[in-house]
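Residue numbers (UniProt numbering), protein chains in the order written: chain C, 1 to 218; chain D, 1 to 218; chain H, 1 to 218.
All residues carry an ideal CB built from backbone N, CA and C; glycine is no exception.
Worksheet for the structure shown next.
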Amino acid sequence: MPFFFVWMVPMTTLVLLDYASVIVFAVTGALVASRAQLDVVGFGFVACLTAVGGGTVRDVVLDRNPVFWLADPLNIAAALLAAVVIFFTAHWVESRLKAVIWLDAVALSVAVAAGVLAARSVDQPAAIQVIMGVMTGCLGGLMRDVVCNEVPLVLKQGELYVTAALAGAVGALAGLWLSPGSPWAAIALCAALTFGLRAGSILFGWRLPVYRARPPQT
Amino acid sequence: MPFFFVWMVPMTTLVLLDYASVIVFAVTGALVASRAQLDVVGFGFVACLTAVGGGTVRDVVLDRNPVFWLADPLNIAAALLAAVVIFFTAHWVESRLKAVIWLDAVALSVAVAAGVLAARSVDQPAAIQVIMGVMTGCLGGLMRDVVCNEVPLVLKQGELYVTAALAGAVGALAGLWLSPGSPWAAIALCAALTFGLRAGSILFGWRLPVYRARPPQT
Amino acid sequence: MPFFFVWMVPMTTLVLLDYASVIVFAVTGALVASRAQLDVVGFGFVACLTAVGGGTVRDVVLDRNPVFWLADPLNIAAALLAAVVIFFTAHWVESRLKAVIWLDAVALSVAVAAGVLAARSVDQPAAIQVIMGVMTGCLGGLMRDVVCNEVPLVLKQGELYVTAALAGAVGALAGLWLSPGSPWAAIALCAALTFGLRAGSILFGWRLPVYRARPPQT
């Protein structure tokens, strides 16, 4: 490996975060596969793409070697297991679209923190940490939606998504600044901000002003 | 190059396999371009994307340097030649969609074996060899279909595609276990399984049970 | 960094070219975001994807470390600034689609040259320089259009796009051959060819013969 770690504790934390986001993203991928009526192997394929897509782009761009799921293929096993479980249980879910949206919000909250900490673990500056947080969070779901031909959640008009990821990534930096010795403040702050903004957007319609071709004349 | 090869023979075999899958995938890309009525340069672009897409992602994720077509740009030349030939001959083909489906099955059979052997050549464990086989096989065609706005073959409801790739990749492992000194048993077993399952799926409707929102009550 | 530069001057030029293509591509991304009525953070996301997508794939495939915008995060800042400016000014533009098409042609002209020079800076052969020019130019816009569900400009039937990029890349090689000491001849020739062919295609319908399923019988 072409780099060494600054702290060992966060590395373990990072592994746990990657697992958590892998599993929850895998569930969202499997649910989208159920909407496309694929077979169980198709569930596994979409689940893996969603689960490891964002983190893979992050690791390739950062030149972290090996990519996280090559270092630990149990990530893939976890995603596949999640896909199989969903294949047999998705019909218990009342609204699969709703489940996708909410679980995606959970996975996003965790993945953004994982991205920030991964960039920090290879000593990238703060701006890159924020960008990697947003990328890790958003790209897996984006691949899932593009491949399955759903309207990408990330670009759904008038919802906070990239904004939530961005706020969470900045929150993670603030958490690391407040409590430099431990990553947990960063993770908690990031998850609370990301999930809070997503939830507010889904439930109460929180949004930023969207672009209008013709703003109302005063 | 950050690694050395365990065996030299399979490396040559690997080069040949990459060529074979490059050319056949390029033909499918050019046929899809003909359905979109592109010009000859557009044929070349889609052919190259399809031909080297899966192997490029494989090499980037495995950190194999240089990527196979940088090491040997003749791969690109072969893909371009195939595109030009198809540009002038595609109207001889009675059903271009049928030709895409069958040639894609051939290319898939070869590319899966190439992916498994490439992962093995850099000493990855068996699970990663299987995943790289599936990725190398499936991603080029997936890029072709997403970019050209066709329904991705890889996710077509009720067909064996990822399943065929997965079975072939496992078959390749079995072949390497049965005959560790030569890659040809692995290649033959992989191609037979992948192509056999795809063909059975296309001709006879072989499939795994797909997900149904409401399974029949007994 | 695993390589050293052959000439120092072009490296600076390369940085400038990357900036120029980043900013103009970011503007096209923001204009496409305005067509999708996203909020300001969505503008930034699409702008960044478009602006750095092609160059990122180029650097990852060439194994140039770090990727250009990791080496200089101001690229991202420039793309975000462009997105914010467009968010507040896009309604001044009479036809945003027309603006996208023309600015995309400008960005393409610059990005192709940047790709050729980047491949040359790591001592790749001429064929790879041409391919990297085409890739750097075409992939950012392709990602923008796939993610935002627009018909990809790059594959629009009966327009010169990849052809323009290809001609420009070959022109850049010719420029470097004519005037090996300075990159400016290459950049000028590349931009003139790429932009000229795109403009001719948009204004006067210049095109290559497209594939026809049934060519007229004589």
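For a contact defined as C-beta to C-beta under 9 Å, what are the partners of residue i on chain D?
i, result
"Q157/H", "A36, Q37, L38, D39, G42"
"D63/H", "V60, D63, N65, P66, V67, L70"
"V100/H", "Those do not exist, as V100/H stays about 18 Å from chain D at its closest Cβ, beyond 9 Å."
Counting along the chain, where does the alpha helix (DSSP H) carrying residue i start and finish?
i, result
"L173/H", "162-178"
"N75/C", "74-89"
"A98/C", "One point to set straight first is that residue 98/C is Lys, not Ala, in the sequence displayed. Note, K98/C: alpha helix (DSSP H), 96-121."
"V130/H", "126-147"
Name, in chain order, the residues that DSSP records as bridge partners for residue i.
i, result
"V210/D", "D39/C"
Just verifying my parser: in three-state terms, what is the DSSP assignment at residue i?
i, result
"Y19/D", "helix"
"G29/D", "helix"
"D63/H", "coil"
"residue 229/H", "Nothing can be reported for residue 229/H, as the shown portion of chain H is limited to 1 through 218."
"V151/D", "coil"
"V93/D", "coil"
"T13/D", "helix"
"G54/D", "helix"
"G205/C", "coil"
"residue 294/C", "Any answer about residue 294/C is impossible in this case: the structure gives chain C only from 1 up to 218."
"G158/C", "coil"
"M8/H", "Any answer about M8/H is weak, because its pLDDT of 44 lies below 50 and its placement is not dependable; what the coordinates show is given next. Residue state, collapsed to three classes: coil."
"P2/C", "In this predicted model, P2/C has a pLDDT of only 38, less than 50, meaning its place in the structure is not dependable; the value taken from the coordinates is given anyway. Three-state result, P2/C: coil."
"T218/H", "In this prediction, T218/H scores a pLDDT of 47, lower than 50, which makes its location untrustworthy; the coordinate-derived value is nonetheless stated afterwards. Note: T218/H maps to coil in three-state DSSP."
Which residues in chain H have a C-beta closer than 8 Å to the C-beta of residue i? List them in chain order.
i, result
"V162/C", "V41, G42, G44, F45"
Would you mind telling me which residues of chain H sit closer than 7 Å to residue i, beta carbon to beta carbon, in chain order?
i, result
"L166/C", "V41"
"I131/C", "I76"
"R207/C", "D39"
"T56/D", "V61"
Check the Cβ-Cβ distances between residue i and every residue of chain B, and say whether any is below 9 Å.
i, result
"C190/C", "Of the protein chains in this structure, namely C, D and H, none is chain B."
Which residues in chain D have a C-beta closer than 8 Å to the C-beta of residue i? List them in chain order.
i, result
"C148/C", "L155"
"A127/H", "P73, I76, A77"
"L142/H", "V147"
What in chain C is Cβ-close to residue i, meaning under 8 Å?
i, result
"A118/H", "Near A118/H there are no residues of chain C at all, since even the closest Cβ is about 16 Å away, more than 8 Å."
Just to make sure I have the definition right: I need the residues of chain D whose C-beta is within less than 7 Å of the C-beta of residue i. Which are they?
i, result
"F87/C", "Y211"
Can you name the residues of chain C whose CB is closer than 7 Å to the CB of residue i?
i, result
"P152/D", "V147"
Given 8 Å, three or more beta-carbon pairs between the stretch 77-94 of chain C and the stretch 128-142 of chain D: Here the stretch 77-94 of chain C does not lie against the stretch 128-142 of chain D, with fewer than 3 beta-carbon pairs under 8 Å apart.
So, does the stretch 90-97 of chain D touch the stretch 171-181 of chain D, judging by three or more C-beta pairs under 8 Å? No contact exists between the stretch 90-97 of chain D and the stretch 171-181 of chain D.
Could you tell me whether the stretch 71-82 of chain H touches the stretch 104-111 of chain H, where touching means 3 or more Cβ pairs closer than 8 Å? No, they do not touch.
contact_flag[the stretch 196-209 of chain D, the stretch 12-24 of chain H] where n(CB pairs < 8 Å) is 3 or more: With the rule of 3 Cβ pairs closer than 8 Å, the stretch 196-209 of chain D does not count as touching the stretch 12-24 of chain H.
Are there three or more Cβ pairs, one per stretch, closer than 8 Å when the stretch 25-37 of chain D is compared with the stretch 112-120 of chain D? Result no; under three Cβ-Cβ pairs closer than 8 Å.
Closer than 8 Å is the cut-off here; do at least three beta carbon pairs connect the stretch 33-41 of chain C with the stretch 122-139 of chain C? Flag = no, the stretch 33-41 of chain C and the stretch 122-139 of chain C do not touch.
Given 8 Å, three or more beta-carbon pairs between the stretch 161-175 of chain C and the stretch 49-62 of chain C: Note that the stretch 161-175 of chain C does not touch the stretch 49-62 of chain C; fewer than 3 beta-carbon pairs, one per stretch, sit closer than 8 Å.
Hey, is the stretch 182-193 of chain H in contact with the stretch 62-73 of chain H, meaning 3+ C-beta pairs nearer than 8 Å? Flag = no, the stretch 182-193 of chain H and the stretch 62-73 of chain H do not touch.
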